[in-house]
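Line by line, the protein sequences are chains A and B.
First residue of the first sequence: 55, per the numbering used here; consecutive thereafter.
First residue of the second sequence: 298, per the numbering used here; consecutive thereafter.
Please read the structure below before turning to the comments.
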Amino acid sequence: MVLSRTRKVVMPDNAGYYHAAYASAVVIYALYVASIWWRARRVRERFTRSPASHD
Amino acid sequence: MTGSVAVGDTPGSRTRTGIAPVVDWFLVAASAAVVGTLVRAVAFTPVEMRQGPAQKIFYIHAPAAWVAFLAFGLVAISGLLYLWLRDPRLDRFAESSAEVGVVFTTVVLITGPMWGRPVWGTWWTWDARLTLTLFLWFVYAGYLVLRGAIDNQEQRARYSAVLGALGALLIPFIHLSVYLFRTLHPQPIVMKPGAPSLPGEMLVTLLIAFASFTLLYVALLRARYRLAEARGALAYQEGGDA
């Protein structure tokens, strides 16, 4: 049997890993933006409730 | 009231009651730039034959690592400047940059194993690059915990400035660890002494990703800094420490 000298490279099917990685990154950034927004909202509420803000 | 909290620490600026919005057009624009980068990476950048589609993780993993190093480097610089100038704005900047840096390092630590599993055959290995990066995450997570544990504003700023500066000493070790130790992690293919060893289309996508992630860092830093300012103004109004 004669083996070919040129081996064809078979591309692995692993797209699921990068889909999961991209989705994870988007979720982490979105959660962080939401956390900043949430904390700022709480500060704003405390600010308006504070007696000094009515001066 | 529609005024905004002014930068600085003067009593006059702190008694204004409005707070600038933390989520604004700049953050939306930076997020759109990152989404555009991901679309280019997915749809318009060739697939690497040997690693397969998983190689596309590269376009978020490497830029996130760059931004994490940038963020922690700026924590160190602003912390050292705080120790010299005692300007509370530098402390707020350091705090904001550290928190954003921890977020980007989290992305690095999550996307790295997702790339390593199909390419190396393992999710994690305790080699120098990976272990030091995890250690960097713990150092700056500890930095944020330290800040939460100290009530006195001046003391908190001083202690965290020292920790922030010391933590950044890890960055050059992490970058050079692939040269200094045996590791599964590949050596740099762009940030290295010679020319980048990456095909043109992939290199362009990577450079766009570096730019858009840096923009996202600036936008998140800006939003987080505004939150720190608002907290400072509130603390001043309530008569406590920021």
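Cβ atoms here follow ideal geometry from the backbone N, Cα and C, with glycine treated the same way.
Judged by beta-carbon spacing, leucine 481/B lies within the 7 angstroms limit of threonine 422/B, meaning their Cβ atoms are closer than that value. In the three-state reduction of the DSSP assignment, serine 494/B falls in the coil class, being assigned neither a helical nor a strand state. In the three-state scheme derived from DSSP, where H, G and I count as helix and E and B as strand, methionine 346/B is classed as coil. Of all residues in the stretch 87-100 of chain A, only Val87, Ile90, Trp91, Arg93, Ala94, Val97, Arg98 and Arg100 place a beta-carbon less than 7 angstroms from a beta-carbon of chain B. The three-state secondary structure of threonine 408/B, taken from DSSP, is helix. Assigned with DSSP and collapsed to three states, leucine 466/B falls in coil, not helix or strand. Listed along chain A, the residues sitting closer than 7 angstroms to arginine 528/B by beta-carbon distance are Val97.
Just so you know, the alpha carbons of tyrosine 533/B and glutamine 450/B end up roughly 11 angstroms apart. Put simply, the backbone Cα of isoleucine 90/A is about 23 angstroms away from that of aspartate 384/B. Nearest in C-alpha terms to valine 416/B, of all of Ala351/B, Leu467/B, His358/B and Arg444/B, is Ala351/B. By the criterion of at least three beta-carbon pairs nearer than 8 angstroms, the stretch 397-411 of chain B is in contact with the stretch 354-365 of chain B. In this structure, the straight-line span from the alpha carbon of phenylalanine 341/B to that of proline 318/B is close to 35 angstroms.
Interface with chain B (7 angstroms Cβ-Cβ cutoff): valine 63/A is included. Its Cα nearest to that of glycine 413/B, the residue Ala75/A stands out among Ala75/A, Val81/A, Tyr83/A and Ser104/A. Within 8 angstroms of the CB of leucine 524/B, the CB atoms of chain A belong to Ile90, Arg93, Ala94 and Val97, in sequence order along the chain.
Residues of the same chain with a CB within less than 6 angstroms of the CB of serine 509/B, apart from the 5 flanking positions on each side, are Ala330, Val331 and Thr334 in chain order. For the 7 angstroms CB-CB criterion, leucine 371/B and serine 394/B form a contact.
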